[in-house]
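**Q** The sequence shown begins at 21 in the numbering used here and counts up by one.
Input: one structure, supplied below.
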Amino acid sequence: MAELVFFSGTMDCGKSTLALQMDYNHRARGRGGVRFSRNDRAGGFRISSRLGLETDAVEVVDTTDFWDEVVLRRTRGIRVDYLICDEAQFYSPAQVEQLARVVDEIDVDVFAFGITADFRTRLFPGSQRLVELADRVQVLQVEALCWCGRRATHNARTVDGVMVMEGAQVVVGDVDMAGDAASAESGHMPVVGYETLCRRHFMRRVTAHGANIMARQDQLLPFEVDACLWHGAGDRTAAGGA
21 MAELVFFSGT MDCGKSTLAL QMDYNHRARG RGGVRFSRND RAGGFRISSR
71 LGLETDAVEV VDTTDFWDEV VLRRTRGIRV DYLICDEAQF YSPAQVEQLA
121 RVVDEIDVDV FAFGITADFR TRLFPGSQRL VELADRVQVL QVEALCWCGR
171 RATHNARTVD GVMVMEGAQV VVGDVDMAGD AASAESGHMP VVGYETLCRR
221 HFMRRVTAHG ANIMARQDQL LPFEVDACLW HGAGDRTAAG GA
């Protein structure tokens, strides 16, 4: 039986690579499918991976109706056994419901790929609806890493390397742009990018750019200070002053 499966993870964890691999595997077995994407880093009508893989896709817009997309192709004699839906976090809840209907009523497999939460840790409406309706939600096993080496669990938006918590929910960018703050420092336009961080550094708003500045200034991060020793030093100073 057909399924609606949501493959989720942070940025930089291989979602688009897996989408392309799954499309290849199904086509190699003689199945027919349609690739969809929205706001891909390579531009419209593409699915691209940071590993360099790239192929054409149908660009999803606000008026896209997945039921119509499948029915139109089938009435023209085009085989449609599955859909690859990349960047699914940008789909509307109504479009996710269309995908569920395609699975249930036309028996077409739907494989959706996307991040769950935005740069403010708020669920994307499309991702939320996918979690609610999917037959399976599968977290990708390839772990994105924070700059400190820990597992990255959050997507941070940066402006000139500095993490921000305000702004529109959807601003197209990439993790490769997050560290490009040097160009902004030399008088260019602000660089908007994304960075994957562990929860500790996301909550402290410490990006790789910020950590480098701290290192140059020989400043310890707050969690690297031994609280007991710090209070002890303060007590000794007070005692000496008395």
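The beta-carbon is built from N, C-alpha and C at its ideal position, and this holds for glycine as well.
1. Where arginine 47 and valine 100 are concerned, what is the direct C-alpha to C-alpha distance, given to the nearest angstrom?
2. CA-CA distance, alanine 204 and histidine 174?
3. I'd like the ranges of any alpha helix (DSSP H) spanning at least 4 consecutive residues and lying wholly in the segment 82-165.
4. Assign aspartate 106 to buried or exposed, taking buried as 16 or more other Cβ atoms, counted over all protein chains shown, within 10 Å of its Cβ.
5. What does DSSP give as the partner residue(s) for glutamate 23 in the beta ladder?
6. Would you call the segment 163-179 and the segment 59-69 touching, i.e. three or more CB-CB distances under 8 Å?
7. Would you call the segment 28-45 and the segment 68-87 touching, i.e. three or more CB-CB distances under 8 Å?
8. Check for me: the beta strand (DSSP E) holding methionine 183 runs from which residue to which?
9. Beta strand (DSSP E) containing asparagine 175: first to last residue?
10. Answer with buried or exposed for tyrosine 44, where buried requires no fewer than 16 other C-beta atoms within 10 angstroms of its C-beta.
11. Reducing DSSP to helix, strand and coil, say where glycine 230 ends up.
12. May I have the straight-line CA-CA distance separating leucine 165 from threonine 95, to the nearest angstrom?
13. Taking asparagine 59 as the reference, give the member of Leu103, Phe86, Gln109 with the closest Cα.
14. Beta-carbon within less than 6 Å of serine 57's beta-carbon, same chain only, minus the 5 sequence neighbours each way: which residues are those?
15. Figure out for me which residue from Ile126, Ile104, Val54 has the closest Cα to the Cα of phenylalanine 26.
16. Determine whether the Cβ of tryptophan 167 lies closer than 9 Å to any Cβ atom of chain D.
17. What's the call for glutamine 189, buried or exposed, on a 16-neighbour Cβ count within 10 Å?
18. By Cβ distance, which residues of its chain are closer than 6 Å to cysteine 33, with the 5 residues on each side in sequence left out?
19. Find out if the Cβ-Cβ distance for the pair isoleucine 135, threonine 30 is shorter than 9 Å.
20. So, helix, strand or coil for leucine 73, using DSSP?
21. In angstroms, rounded to a whole number, what distance separates the CA positions of alanine 258 and methionine 223?
22. Quick one: what's got a C-beta closer than 7 Å to threonine 141's C-beta in the same chain, skipping five residues either side?
23. Is the distance from the Cβ of glycine 193 to the Cβ of tyrosine 214 below 9 Å?
24. Kindly identify the DSSP beta-bridge partner or partners of threonine 216.
**A** Straight from the coordinates:
1. Residue mapping note: residue 47 aligns to position 27 of the sequence shown, counting from 1. Residue mapping note: residue 100 aligns to position 80 of the sequence shown, counting from 1. Distance between the alpha carbons of arginine 47 and valine 100 is about 11 Å.
2. For this step, residue 204 is matched to residue 184 along the sequence shown. For this step, residue 174 is matched to residue 154 along the sequence shown. Residue placement at alanine 204 is poorly supported in this model, since its pLDDT is 47, which falls under 50; the coordinates still yield a value, given next. Rounded to whole angstroms, alanine 204 to histidine 174 spans 24 Å at the Cα level.
3. 86-95, 113-126, 145-153
4. By 1-based counting over the sequence shown, the position of residue 106 is 86. So aspartate 106 ends up on the buried side.
5. Position 3 of the sequence shown, counting from 1, holds the residue named residue 23. According to DSSP, glutamate 23 bridges with nothing at all.
6. no
7. yes
8. Taking the first residue of the sequence shown as position 1, residue 183 is located at position 163. Note, methionine 183: beta strand (DSSP E), 182-184.
9. Position 155 of the sequence shown, counted from the first residue, corresponds to residue 175. Here the beta strand (DSSP E) through asparagine 175 covers 174-179.
10. Within the sequence shown, residue 44 is the residue found at index 24, counting from 1. Counting Cβ neighbours within 10 Å, tyrosine 44 comes out exposed, since fewer than 16 surround it.
11. As a first step, residue 230 must be located in the sequence shown, where it is residue number 210. The answer is helix: DSSP assigns glycine 230 an H, G or I state.
12. In the sequence shown, the residue the question calls residue 165 occupies position 145. In the sequence shown, the residue the question calls residue 95 occupies position 75. Computed Cα separation, rounded: 46 Å.
13. As a working note, residue 59 is residue 39 in the sequence shown. Out of Leu103, Phe86, Gln109, Gln109 has the C-alpha closest to the C-alpha of asparagine 59.
14. Here residue 57 corresponds to residue number 37 of the sequence shown, with the count starting at 1. Closer than 6 Å at the Cβ level, and outside the excluded window around serine 57, lie Ile67, Ala77, Asp106, Glu107.
15. Within the sequence shown, residue 26 is the residue found at index 6, counting from 1. Comparing Cα positions, the closest option is Ile104.
16. The structure shown contains no chain D; it holds only a single protein chain.
17. Your numbering for residue 189 matches position 169 in the sequence shown. Glutamine 189 should be labelled exposed.
18. What you label residue 33 is simply residue 13 of the sequence shown in a count that begins at 1. Closer than 6 Å at Cβ, skipping near neighbours: Leu160, Val162, Ala164.
19. Reading the sequence shown from its first residue, position 115 is the one you call residue 135. Reading the sequence shown from its first residue, position 10 is the one you call residue 30. The answer is yes: Cβ separation under 9 Å.
20. The count along the sequence shown starts at 1 and reaches residue 73 at position 53. Leucine 73: coil per DSSP, three-state reduction.
21. As a position in the sequence shown, residue 258 is number 238, starting the count at 1. As a position in the sequence shown, residue 223 is number 203, starting the count at 1. Bear in mind that the predicted position of alanine 258 carries a pLDDT of just 49, short of 50, making it too unreliable to give a figure here.
22. Locating residue 141 in the sequence shown gives position 121, where the first residue counts as 1. Cβ within range, chain order: His174.
23. Locating residue 193 in the sequence shown gives position 173, where the first residue counts as 1. Locating residue 214 in the sequence shown gives position 194, where the first residue counts as 1. Closer than 9 Å, so yes.
24. What you label residue 216 is simply residue 196 of the sequence shown in a count that begins at 1. In the DSSP output, where bridge partners are listed per residue, threonine 216 has Asn175.
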